[in-house]
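Counting in our numbering, the sequence shown runs from 27 upward without gaps. Have a look at the structure below before the remarks.
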Amino acid sequence: MRRVAVRDGVPIVEDFEPGELGDYEVRIRTEYSAISPGTELMHLRNKAGFVLPGYSGVGIVEAIGSAVEHLQPGQRAAVYGVPTHSEIIIAPKHLTVPVPNSVDPREAAFAGLGTIAIHALRQADAHFGESLLIVGLGILGQLVAQVGYAASSIVLATDKLETRRRAANQCMPTAYVASSDQMLAEQLKKHTERGEGVDCVLLCAGGRNDTLLDQSIGWLRDRGRIVIVGVPNPTFNRNALFSKEVDIRISRAGGPGRYDEIYEQSGVDYPLGYVRWTEGRNLAAYIRLLQEQRITVNPMITSEWSLSEIGEAYRRCSEVSGNELGVLLKIG
27 MRRVAVRDGV
37 PIVEDFEPGE
47 LGDYEVRIRT
57 EYSAISPGTE
67 LMHLRNKAGF
77 VLPGYSGVGI
87 VEAIGSAVEH
97 LQPGQRAAVY
107 GVPTHSEIII
117 APKHLTVPVP
127 NSVDPREAAF
137 AGLGTIAIHA
147 LRQADAHFGE
157 SLLIVGLGIL
167 GQLVAQVGYA
177 ASSIVLATDK
187 LETRRRAANQ
197 CMPTAYVASS
207 DQMLAEQLKK
217 HTERGEGVDC
227 VLLCAGGRND
237 TLLDQSIGWL
247 RDRGRIVIVG
257 VPNPTFNRNA
267 LFSKEVDIRI
277 SRAGGPGRYD
287 EIYEQSGVDY
297 PLGYVRWTEG
307 RNLAAYIRLL
317 QEQRITVNPM
327 ITSEWSLSEI
337 GEAYRRCSEV
347 SGNELGVLLK
357 IG
């Protein structure tokens, strides 16, 4: 079997043995795996060490452990949270969900990013009719915007790149997508309650921008919310934050259960009455949104590569990162 690895900052394709299947695990033959450019290019900048990239994919179930009840061999399944750039994936049961035949497996391959987007919106605690501003329309920002749009929020978005704005307009015809701060200011005045600002800003932009958090405070209504999804090391002006009593929240990956070995590896679920939306339930929610055609990913898929082309795929993402949205590895 083959898989992608990054050794000392260099992507390679290596042979490996998947190992034995545990009671709480699912063995999947991968069809597609989604590349997350921001996370994976970071691995290339790390010139020391070893990592198995990828965390979002889809494939056909080959075998299940004795404690797995929601999947059967022969079914298609989406996977989140384990290395997925591999011909065979061994995944914990809570990180896999069935994919109906009506769902395009290429769209299902983005299940990990969709799960992260859904959790970000849960952190936003947006209620019916509230307004959201998505800052940064890479693949994650696009999915955050689409899920909010599907939930009937008033969606505003901004990105400097025309290709990203065009993709957002194609998927969300009645969203308000701004190309500049001036245009965004006009839209905020027109499309929010008395022009006082949005209920929540979701920061999905990559890279470092020391002014972005302060700008976000200006785009908010009094006592609005900011959810940090993709901005590292944010800084802010205390007086601006204090004047509106802004609520700043962090969105950590796909939801409750992430990084909890008892949940992920030992198969112990959180009781529904105490934790309504775990990462596994968010994963299933993403597939349901695709099945019901409430969101779409195909217009955002900009390139597709084979496993052996991983070096070229990363090079392309690095050189034209702004124009690459959905990037797939076709494995099966």
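The beta-carbon is built from N, C-alpha and C at its ideal position, and this holds for glycine as well. Computed from a predicted structure; not experimentally measured.
Within the same chain, and ignoring the five residues on either side of residue 91 in sequence, the residues whose Cβ sits closer than 6 angstroms to its Cβ are 47, 48, 49, 50, 51. For residue 117, there is no enclosing alpha helix (DSSP H); the residue is found in the beta strand (DSSP E) stretching over 114-118. For residue 60, the enclosing beta strand (DSSP E) starts and ends at 51-61.
In the displayed model, residue 43 falls within coil according to three-state DSSP, outside both helix and strand. Contact check between the stretch 121-132 and the stretch 155-171: fewer than three CB pairs, one atom from each, fall below 8 angstroms, which does not count as touching. The C-beta distance from residue 160 to residue 181 rounds to 7 angstroms, short enough to fall under 8 angstroms. Just measuring C-alpha positions, the residue of 303, 27, 187 sitting nearest residue 112 is 27. Residue pairing by DSSP places residue 37 opposite 32 in a beta bridge. For the pair residue 320 and residue 59, the Cα-to-Cα distance works out to about 22 angstroms.
When DSSP states are grouped into helix, strand and coil, residue 271 belongs to the coil group.
For a cut-off of 8 angstroms, the C-beta gap from residue 239 to residue 261 is around 6 angstroms, short enough to register as a contact. Boundaries of the beta strand (DSSP E) harbouring residue 226: 224-229, taken from the DSSP string. Between residue 103 and residue 124, the CB-CB gap stays under 9 angstroms. In this structure, the straight-line span from the alpha carbon of residue 224 to that of residue 170 is close to 16 angstroms.
Classified as exposed, residue 76 has fewer than 16 neighbouring CB atoms from the shown chains inside 10 Å of its CB. Taken in chain order, the complete alpha helix (DSSP H) segments of 4 or more residues contained in the stretch 147-226 are 165-176, 188-197, 207-217.
With a cutoff of 9 angstroms on beta-carbon distance, residue 190 and residue 214 are scored as not near each other. If you look at residue 340, you'll find it in the alpha helix (DSSP H) that goes 336-345. Residue 307 is not bridged by DSSP to any residue. Every alpha helix (DSSP H) of 4 residues or more that sits fully in the stretch 59-132 is shown, in chain order, as 63-71. When DSSP reads this structure, residue 352 sits in a beta bridge with 327. Of the candidates 294, 68, 250, the residue whose Cα lies closest to the Cα of residue 37 is 68.
A distance below 7 angstroms between beta-carbons, with the five flanking residues on each side excluded, links residue 143 to the following residues of its chain, in chain order: 166, 169, 170, 173. Looking only at 247, 287, 283, the smallest Cα-Cα distance to residue 272 is reached by 247. The C-alpha of residue 275 is placed about 27 angstroms away from the C-alpha of residue 316. In this structure residue 81 does not touch residue 122 by the C-beta definition: roughly 13 angstroms separates them, more than the 8 angstroms allowed. A straight-line Cα-Cα distance of about 44 angstroms links residue 83 and residue 269. Here residue 148 is not near residue 256, since their CB atoms are 9 angstroms or more apart. Residue pairing of residue 292 in beta bridges, as defined by DSSP: absent, with no partner found.
In this model, residue 344 and residue 284 are separated by some 28 angstroms (Cα to Cα). In the three-state reduction of the DSSP assignment, residue 277 falls in the coil class, being assigned neither a helical nor a strand state. For residue 320, the secondary structure class from DSSP, reduced to helix, strand or coil, is coil. Residue 188 places its beta carbon 9 angstroms or farther from that of residue 135.
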